[in-house]
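The opening residue of the sequence shown carries number 660 in our numbering; numbering runs sequentially from there. Where is the CB? At the ideal position from N, CA and C, for every residue including glycine. Below: the structure, in structure tokens.
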Amino acid sequence: MVDIKILRDNANIVILGSHADVIQSMLDYDYLVGKSKPSIVAIIASGRKQERYFWGESEVTIPVVANLEQLSDAVRESITAALNVQSARRILSSTTQAVELLPNLQVVDIFAEQTPESHSLDLIKLAAAKNVLIVGPASVGVLIPGFMKLGAIGGTRHPQISHADILEIGDTAVVSTSGGMVNELIHTVTGVGLGISFAMALGGDRFPITTPAQALELAEADKHTKRIVYFGELGGSDEYEIAQLITGGKITKELIVYIAGTVAELFEEPPQFGHAKALAQTKDESASAKKEALRKAGAIVANTFSDVHNELTKRVVEKRVVTEPKIGTRKRSMIVSHISGEIDENVVLLGKDLMEAVENNSIASLVLSMLLGEQVDSKKAVAFVDFVFKLLVDHGPYVSGALNTIVSARAGKDLISSLTAGLMTIGPRFGGAINSAAAEWVQAVKDDVTPQEFVEAFAKRGGIIPGIGHKKYTIDNPDPRVKALKAFAKNTNGDQYLNFALGVEAITTTKKSNLILNVDGTIAAILLDILESEFNYSQQQLLELSEIEFFNALFVLSRSIGFTAHYLDQRRHDEGLLRLSPDDVRYIE
660 MVDIKILRDN ANIVILGSHA DVIQSMLDYD YLVGKSKPSI VAIIASGRKQ
710 ERYFWGESEV TIPVVANLEQ LSDAVRESIT AALNVQSARR ILSSTTQAVE
760 LLPNLQVVDI FAEQTPESHS LDLIKLAAAK NVLIVGPASV GVLIPGFMKL
810 GAIGGTRHPQ ISHADILEIG DTAVVSTSGG MVNELIHTVT GVGLGISFAM
860 ALGGDRFPIT TPAQALELAE ADKHTKRIVY FGELGGSDEY EIAQLITGGK
910 ITKELIVYIA GTVAELFEEP PQFGHAKALA QTKDESASAK KEALRKAGAI
960 VANTFSDVHN ELTKRVVEKR VVTEPKIGTR KRSMIVSHIS GEIDENVVLL
1010 GKDLMEAVEN NSIASLVLSM LLGEQVDSKK AVAFVDFVFK LLVDHGPYVS
1060 GALNTIVSAR AGKDLISSLT AGLMTIGPRF GGAINSAAAE WVQAVKDDVT
1110 PQEFVEAFAK RGGIIPGIGH KKYTIDNPDP RVKALKAFAK NTNGDQYLNF
1160 ALGVEAITTT KKSNLILNVD GTIAAILLDI LESEFNYSQQ QLLELSEIEF
1210 FNALFVLSRS IGFTAHYLDQ RRHDEGLLRL SPDDVRYIE
């Protein structure tokens, strides 16, 4: 049986799909109970990398990935709860995947209605086999006051949540087949001055994955629960299972029950109520028969809903003092930044005062920290970036970027225009291959491709391998910059990316001597090894860095200094417009 204590100790949630109102309500709950950070660690959806929500009056971003495999091992291991808000047809596959991939998963709540009944039956077997609490389908959620709000339960607006008195733990568990009634029961319990220990909406489908009897056993095992309030309805045989648990001594805590649907007995033909299960096809399935069975077993059975209120009122020894923390007016900002901002009119850089950040960082550590969006403390990473900055600062006036800058400067253009002209030449064949090389090295290693297979694949599609080849240097006349870069090898990951790149070079140079591992390819490989070794970046995170062109940023920043130097140099010489001579161009008919 699932232990609610685990969720009280560590509620880390993944959302399968996206539902803005429900997610915001869960974050509001986290904030109102005083958590320092959101309990939602990731959203599984497509089309974006993050979703932005309010955190109190401020804002936070929640990571979004396309599937659970893209989460790091550490994140997957931390997840204890999942809310599935995907469409009914995807419930079985997505829930099964979550149970299989999340080793510490305790509970899944399924929000969707109209889940195929055969899928629900499969999930019942899965829940039993894996000892995971799966609640639903058509459940509004699970609530553990003070610790976790999983779903829409308790309200979807922060004033509702604050007013409901569900922020602190109480001693009364609430279990309901109906989503609407679970909130009504919560308000009834807290309204008389009692508190909620936990609450659960099971959903009204014909085959709920967690049955009422199982939910009540969970309440029985919970040390914080003193009494249980249960809302059932006509149809099915769940209440007879509960009666057997009571008479068998498996439920000993006080149970207050209300069974809806006695009005159905006034009709000649049994009417179908809102839930699929709410149909009494036999006398035993009627609300009256269920009430009688539970009453005989020893439960306190309310004839009207007002009786539930009255029974709860009798049990109030001292009415709880309700505090209602408020969230003020909030407005969504146009942009969010993890890099810098202003707090109390002081500029903050990566969470530190600007002057503190400046005084405690070298230019290399500050730049690398800003590019990664986090403070970097790795001495090796900083030393490598410092070396790369110096190495890439210039490679003569002959290369396309410097030449474009020089031509623009001599044409009388200003600094920004001339620098831009040089930067615009950076691409796959000049300076811009670091990024694409990094992506290729990571993907190949991730897919367990051999260097031979890698080269053959490029040959078949006629592509140029990024990071391989040079106009000047060959295997017999190696690039001294590459040799210097290799001094930063010997990383804890076994230099798997550099070794792969060198394996590719060993094959390509047999075809042509200048198809060597060049500066771009070497920087990409070694930086990948450093990020994996020093920062524990996953291969998915490394691929994401290549997608946002992190690796090319190093070349752009460094070479901008060289381009600027060439601009200033040409302005000092002031030789006028540069024009090619007829000897520099050959006209061919």
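query: Should Val724 and Ser677 be called a contact, given that it needs their Cβ atoms to be closer than 8 Å?
result: no
task: Measure the alpha-carbon distance for Pro871 versus Leu785 and round it to whole angstroms.
output: 18 Å
- prompt: Who are the near neighbours of Ile703 in its chain, counting only those whose CB is closer than 8 Å to its CB and skipping five residues on each side?
  reply: Val673, Ile674, Leu675, Gly676, Val723, Val724, Ala725, Asn726, Leu727 and Ser753
query: Do the stretch 679-695 and the stretch 800-808 meet, that is, are 3 or more Cβ pairs less than 8 Å apart?
result: yes
message: So, for Ile1189: in the same chain, excluding its five sequence neighbours on each side, which residues have a beta-carbon less than 8 Å away from its beta-carbon?
response: Ser1037, Lys1039, Ala1040, Phe1043, Phe1147 and Asn1150
- request: Ignore the nearest five residues each way along the sequence and tell me which others in Glu970's own chain have a CB closer than 8 Å to its CB.
  value: Ile915, Ile959 and Ala961
field: Same chain, Cβ closer than 7 Å to Arg711, five either side skipped, listed in chain order
entry: Glu718, Thr720 and Val995
query: Near Ala1098, which residues of its chain fall below 7 Å by C-beta distance, leaving aside the five closest residues on each side in sequence?
result: Leu1202 and Ser1205
task: Name, in chain order, the residues that DSSP records as bridge partners for Tyr712.
output: Val719
- request: Label Thr1064 either buried or exposed according to how many other C-beta atoms from any shown protein chain fall within 10 Å of its C-beta, with 16 as the threshold for buried.
  value: buried
query: If you check the beta carbons only, do Ile820 and His883 fall under 8 Å apart?
result: no
query: Gly1086 to Ala1118, Cα distance in whole Å?
result: 21 Å
field: Touching by the beta-carbon criterion (3+ pairs, under 8 Å), the stretch 1209-1217 and the stretch 1226-1243
entry: no
query: Would you report the Cα separation of Lys694 and Asn669, rounded to the nearest angstrom?
result: 12 Å
Enclosing beta strand (DSSP E) for Glu1001 [first to last residue]: Ser999 to Ile1002
message: Would Ser1028 and Asn1020 qualify as a contact pair, given that the criterion is a beta-carbon distance under 8 Å?
response: yes
query: Do His794 and Met840 have their C-beta atoms closer together than 8 Å?
result: In the sequence on display, residue 794 carries Val and not His. Cβ distance not < 8 Å, so Val794 and Met840 don't count as in contact.
- request: List in chain order: all unbroken alpha helix (DSSP H) runs of 4+ residues lying wholly within the stretch 1109-1188.
  value: 1110-1120, 1139-1144 and 1155-1167
field: Nonlocal neighbours in the same chain, by C-beta distance under 8 Å from Arg886, ignoring five residues either side
entry: Asp830, Thr831, Ala832, Lys912, Glu913, Leu914, Ile915 and Arg974
Contiguous alpha helix (DSSP H) assignments of at least 4 residues, all confined to the stretch 1009-1065: 1013-1018, 1022-1031 and 1038-1051
field: 8 Å Cβ cutoff met for Leu861 and Ala740
entry: no
query: What's the gap between the Cα of Asp1179 and the Cα of Ala679?
result: 42 Å
query: Just how far apart, CA to CA, sit Thr982 and Asp824?
result: 8 Å
query: Identify the residues that DSSP records as bridge partners of Glu892: which are they?
result: Ala919
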